[in-house]
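**Student:** I have a structure here, written as structure tokens, and I will follow up with some questions on it.
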Amino acid sequence: MKKFRKVLDGLTTSSPGGTIGSPSCGSAAGTPTAAPTPKEIDVQETLVSENFQLCKTVRHGFPYQPTALAFDPVQKLLAVGSRSGGVRILGRPGVDCFCQHESGAAVLQLQFLINEGALVTACADDTLHLWNLRQRRPAILHSLKFNRERITFCHLPFQSKWLYVGTERGNTHIVNIESFILSGYVIMWNKAIELSTKTHPGPVVHLSDSPKDEGKLLIGFESGTIVQWDLRVKKADFRIYYDEAIHSVGWHHEGKQFMCSHSDGSLTLWNLRNTTKPFQVTFPHGKIQKDGRKESCKPILKVEYKTSRSSEPFVIFSGGLSYDKAGRRPTLTIMHGKAITVLEMDYPIVEFMALCETPYNNEVQEPYAVVVLLEKDLIVVDLTQSNFPVFENPYPMDIHESPVTCTAYFAECPPDIIPILYSIGAKHKKTGYSQKEWPIGGGTWTLGSHTYPEIIITGHADGSIKFWDASAITLQMLYKLKTSKVFEKPKPGEGRAAELVEEDPFAVQMVSWCPQSRIFCVVGISAHIILYRFSKCDANTQIVSLEVRLQCESEDVISPSENENNPCFSEPGSHSPQPHHQHPASPGSGTLEGIKDSIPCLKVKDRVVRVPPGYQAELVIQLLWTDGEPPQQITSLDINSAYGLLAFGNCNGLAVVDYLQKTILLCMSTLDLYGTADPYQRLTRSPRRNRQSTSGLTELSDNQQSIDMERSKSPTSVKGPGRKLSLPTDLKTDLESRENSFSRSRSSSVSSIDRDTKEAITTLQFGESYGRKSDALPTPCLWVGTSLGVVLLIPMSIPTNQEERMEESVTIGPSGMVLMLKGSVLRFGFLDCMGAHIQSPYEVWRDLNAPEDPDRPRRRKLVNFSPSSSQDACGEGHLAVVCSERQAKVFLMPSQSCLFVHNITESSFVLRADVVSVCNSVCLACFCANGHVMTLSLPSLRPLMDVNYLPLTDMRIARTFCFTNGGQALYLSSPTEIQRITYSQEMCDNLQEMLGELFTPIETPEAQNRGFLKGFFGGNAHTFDREELFGEAAAGKASRSLAQHIPGQAGLEGMKVAASGAVGDLARARIALDERGQRLGELEERTALMMTSAETFSKHAHELMLKCKDKKWYQF
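Rendered as structure tokens:
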């Protein structure tokens, strides 16, 4: 705990014409500056570096670019591998784990060690990894890197510790799962095929042991060759040479037949009694043409052949459609007896897998569901019902249903908001799902004690908004809102929207939400704002439309004044705002030359519409075309329910709207806001010269400032006529120009003459503050931050009486203050003189559509957090925290003196900054373009944490990163996934408790009694000893140059658990020993003590017998 005091030193003055003290060197943390203070500032800071630690918590959404799938039928866990080396392990809702291979190599195949709490992954860099799932955060125990051969297929028999690995050269190697060392036993391709064969059989595409005999291994080669290899005698039982390439093989559970899928769209069924030709050949989707030939079909990429006791076998396959049916969607075909069902999918099928009741491959399989992994979705089909319905997916796999363009994160929400949103959203849920329980129910998860209401809001390219319940590190969709319903549908290829952007005119650029008043604001890419109110009742409403002409005509920044570091600002004279007009919507309006002018990009519905319960549009604000130029995109927004005001700005200027009276209060260019207090020297330019120089519809420029972000594209890019739209548009549209305005302007005005830079409004904040130094009481104010590092404070006069508020107009005074920072202003925050965070005032929610109660009339109830309300002990005033791209400053209001300044970064720039609460205190959290996440204390701006979290920050992360209270943050880690992180030490400590358990001890189902005859005639499957064949004693050691063993990073304890729990009877005995642990050890100790005691007793008894045997009875 540390005290920071500022004492009046008599050298500065608080007169209106005084200068703002700014330190000559602000590189040190919290550099204090001489500042006028009416009283001593005494702030007890409680946060220290030990309160902060950065770690990932959980990842939500669909695995991006999936490649592989695996299922544990006993543990009921599903694993999905991805192209970037990620592995998602899913169980019951709440059990959702993400693992990442450090190499980033694509995952080719996944194999569960069934009911053993381990997973084998085969990656594209020809490395095998063994993951331990017996801990909440899985870790790699062993890795095996193949040096000379490429891995193509893996197979791990149930309850075996030997993994078969097929390679591109056609060889099959065997790996001991416990030690992760290669066996000397190798099945070479030239031994597997006949010596007379002149061609190479190709890579291994299939490996499986025969259900009839574990000592027989079926090897499928890509060329069409199939070999059954007898592992005991080391020779082939039979060889099949088929003239079509093989994609997959599936056994009948009795081990007498198997089915293959081929590249010509055929399925072949082979009987082991006669392998010279297939027992049956079918083309499921190939019809016979008029000339008698069959249609050419696409390859069947995978087939599964599953038996059932009560019905015909299931044959399930993907692909195989005829080539002539162009445009058909990808299909999964289910053949059940004579019935053929074709299920069309929305996306290409990556992998599918039938879920069966038994883990044993020699028992009747009884499939009950099929998991289908698509490129952008995961679905599970119910096989127990004849119409094959899908299960309702409990995981949030549809975050990317339309590309995510913006995010917002709210922690510690009002507790009633989540149930209300859920009840409204539940009415619009889809129906027709299977009534059965979701079949992937592995792991355990309980609601932790460290939970509070959290909501994540995502905006999308199609104009939709999704509200998600993010409490307790889970994610569940609550409510979906479609903003496009406010507008008339634009006709494709024509109209005003088509000229602006063809595909996504409704794309969401930013959102503003007040959870207390439930007022919700959406900013769209077509320079429009929609204001929504929440109601539990449906209503007939007509949406009010306001049209704003926000166009810059005259000056651009040329250079700052010479005394930039210490600008002298006098109180500006009174001046009235620029006249504003409400322009009527007129689709055909324009000049005689056909140049578009004074029309919006979209047309609002001008009729009464019926709106359902939930969020209902009340007001739409649109910027207008000007002289044939589209409106610039909106760069900043703030709404305050207590004031009934909405403010927004772009690179041309600022507008303030009274949404209660539906009027425009202010519409000004940025230059006009300064009045006489302009800190820059400006030159007049021609109104037509280079107008719209910074187009709002361009991608971020490739420049030095965005070098860290240029490696990745935005979530969605849309090409329009002559424009390219990158969603969402960031506030960094002209980073290089803005940076140059600071780096070059200090030399002279001449160096900046050719620069054509607009001053954009980058951030806005309503709040109670002091508009001028002479103010004695706080009043409603609007804080305005610009791209040139200027802060303006605009005071307002708002009627307090409810009736007067609806009738009298709000008056906006001239700018009362100008402050300066380096770089574009990003965020404002307000503290009282005790260091506590001051919230913005708000209106308590009321349902305007509910029936009126005559006894209790609906009146506005306002909650105000005025700085003066808690200042009895320390006097009037408050602290203002201002953060820009380069630095943070803390000002004392109303004297406007700078108390502390900290230069956050010199080589990069801040992308996101927020004043957040952590550990019952507040701090400033920042995320930089170079990937650093840092926190600064308030008000002293001491660095508390600085972590190089993301070395290469791409544009998607830069646009979607956001902080919230409680030490949490999130960003879009891929176009389909949300990554949540925490920077709180307390949450890191409690994370283990919050995460779900992947592994739960379950008894392995017993194998069915095969009966005497089956056991007698079915071969000696149960007498096969792999250890005897593959062990070092029999097979010798493998070549050291073939593969390299790499120990994992997991701890010794975890290694013991997973290595001993790998496989086999001895391994399971070790598992039992580990699980019983101390009790078994104590039992052994007690047994040893009893044996020692018994031996001691026997010895003493024997000595006593020898001593007494020659004595007479009377000698005792």
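Quick note on numbering: the working numbering labels position 72 of the sequence shown as 72, and the sequence is numbered without any gaps. Don't be surprised by glycine CBs; every beta carbon is placed ideally from N, CA and C.
So what does residue 1123 bridge to, in DSSP terms?
**Tutor:** The displayed coordinates of the chain run from 1 to 1116. Any statement about residue 1123 would go beyond what the structure contains.
**Student:** Kindly identify the DSSP beta-bridge partner or partners of residue 405.
**Tutor:** In the DSSP output, where bridge partners are listed per residue, residue 405 has none listed.
**Student:** Are residue 388 and residue 341 closer than 8 Å when you measure CB to CB?
**Tutor:** Yes, the pair counts as a contact, with Cβ atoms nearer than the cut-off.
**Student:** Whole angstroms is fine: what's the gap from residue 765's alpha carbon to residue 382's?
**Tutor:** Those two C-alpha atoms are separated by around 52 Å.
**Student:** Can you tell me whether residue 984 is helix, strand or coil according to DSSP?
**Tutor:** Here residue 984 sits in strand by DSSP.
**Student:** On the DSSP bridge assignment, give the partners of residue 230 in chain order.
**Tutor:** Answer is 216, 235.
**Student:** Under the DSSP definition of a beta bridge, which residues are partnered with residue 81?
**Tutor:** Answer is 68, 87, bridged to residue 81.
**Student:** Okay, do the region 451-459 and the region 403-410 touch, 3+ Cβ pairs below 8 Å being the bar?
**Tutor:** Cβ pair count under 8 Å is three or more, so yes.
**Student:** Quick check: what's the CA-CA separation for residue 883 versus residue 247?
**Tutor:** Spanning the two alpha carbons is a distance of roughly 59 Å.
**Student:** Taking one C-beta from the region 94-101 and one from the region 979-997 each time, how about it: are there three or more such pairs within less than 8 Å?
**Tutor:** Yes: the two stretches touch, three or more of their Cβ pairs being nearer than 8 Å.
**Student:** In the structure shown, what three-state DSSP assignment does residue 1067 receive?
**Tutor:** Caution applies to residue 1067, whose pLDDT of 46 falls short of 50 and renders its modelled position unreliable; the value that the coordinates give is listed next. Helix at residue 1067.
**Student:** Which of the three DSSP states, helix, strand or coil, is assigned to residue 674?
**Tutor:** It is helical.
**Student:** Report the option in 227, 479, 216 whose CA atom is closest to the CA atom of residue 239.
**Tutor:** Taking only the C-alpha atoms, the option nearest residue 239 is 227.
**Student:** Taking the CB atoms as reference points, tell me whether residue 110 and residue 123 lie closer together than 8 Å.
**Tutor:** No; because the gap between Cβ atoms is not below 8 Å, this pair is not in contact.
**Student:** Can you give me the start and stop residues for the alpha helix (DSSP H) that residue 1029 sits inside?
**Tutor:** Per DSSP, residue 1029 belongs to the alpha helix (DSSP H) from 1026-1030.
**Student:** Cβ atoms of residue 511 and residue 465: under 8 Å apart, would you say?
**Tutor:** For residue 465 and residue 511, yes; Cβs fall inside 8 Å.
**Student:** Please report the distance separating the alpha-carbon of residue 829 from that of residue 655.
**Tutor:** Residue 829 and residue 655: Cα-Cα distance of roughly 21 Å.
**Student:** Just to confirm my understanding: we take residue 863, look at its own chain, exclude 5 residues before and 5 after, and list those with CB closer than 8 Å. What are they?
**Tutor:** Around residue 863: 516, 642, 841, 842, 843, 844.
**Student:** Considering only residues of the same chain and omitting the five flanking positions on each side of residue 56, which have a CB-CB separation below 6 Å?
**Tutor:** Only 981 meet the Cβ criterion.
**Student:** Looking only at its own chain, which residues have a Cβ that is under 8 Å from the Cβ of residue 329, when we skip the five neighbours before and after it?
**Tutor:** 344, 345, 346.
**Student:** Excluding the 5 residues flanking residue 662 on each side, which residues of the same chain have their C-beta closer than 7 Å to its C-beta?
**Tutor:** So the qualifying residues of the chain are 544, 546, 619.
**Student:** By the 10 Å Cβ neighbour count, where 16 or more other Cβ atoms means buried, how is residue 288 classified, buried or exposed?
**Tutor:** When all chains shown are included, residue 288 counts as exposed.
**Student:** Since residue 162 contacts residue 1030 with CB under 8 Å, what's their CB separation in whole angstroms?
**Tutor:** About 5 Å separates the two Cβ atoms, so the contact holds.
**Student:** Whole alpha helix (DSSP H) runs in the region 140-213 with 4 or more residues, listed along the chain?
**Tutor:** The region 140-213 contains these whole alpha helix (DSSP H) runs: 189-192.
**Student:** Report the start-end ranges of each beta strand (DSSP E) in the region 313-353 that is 3 residues or longer and not cut off at the edges.
**Tutor:** Qualifying beta strand (DSSP E) stretches, in chain order: 314-319, 331-336, 339-344.
**Student:** Grab me the residues of residue 658's own chain with a C-beta within less than 7 Å of its C-beta, minus the 5 sequence neighbours each way, in chain order.
**Tutor:** Here the set comprises 644, 645, 665, 810.
**Student:** Output needed for residue 285: all residues of its chain with C-beta closer than 7 Å, excluding positions within five of it in sequence on either side, in chain order.
**Tutor:** Excluding positions up to five away in sequence, the list reads 265, 297, 320, 321, 322.
**Student:** Tell me residue 614's beta-bridge partners as DSSP assigns them.
**Tutor:** Note: residue 614 sits in a beta bridge opposite 535.
**Student:** For my contact list, residue 881 and residue 938 are in at a C-beta cut-off of 8 Å; report their separation, rounded to the angstrom.
**Tutor:** Going by Cβ atoms, the distance from residue 881 to residue 938 rounds to 6 Å, so yes, they are a contact pair.
**Student:** Under the rule that 16 or more other beta-carbon atoms within 10 Å means buried, what is residue 606, buried or exposed?
**Tutor:** The residue is exposed, with fewer than 16 neighbouring Cβ atoms inside 10 Å.
**Student:** Do residue 207 and residue 175 have their C-beta atoms closer together than 8 Å?
**Tutor:** No, they are not a contact pair.
**Student:** Could you tell me which residues DSSP pairs with residue 56 in its beta bridges?
**Tutor:** Partner(s): 981.
**Student:** According to DSSP, is residue 770 helix, strand or coil?
**Tutor:** Coil, per DSSP.
**Student:** State yes or no: is the C-beta of residue 1146 within less than 8 Å of the C-beta of residue 274?
**Tutor:** Residue 1146 falls outside the range modelled here, since the chain spans only 1 to 1116, and no answer is possible.
**Student:** Tell me whether residue 977 is buried or exposed, calling it buried when 16 or more other Cβ atoms sit within 10 Å of its Cβ.
**Tutor:** Buried: at least 16 other Cβ atoms inside 10 Å.
**Student:** Would a C-beta distance cut-off of 8 Å place residue 823 and residue 877 closer than the cut-off?
**Tutor:** No; because the gap between Cβ atoms is not below 8 Å, this pair is not in contact.
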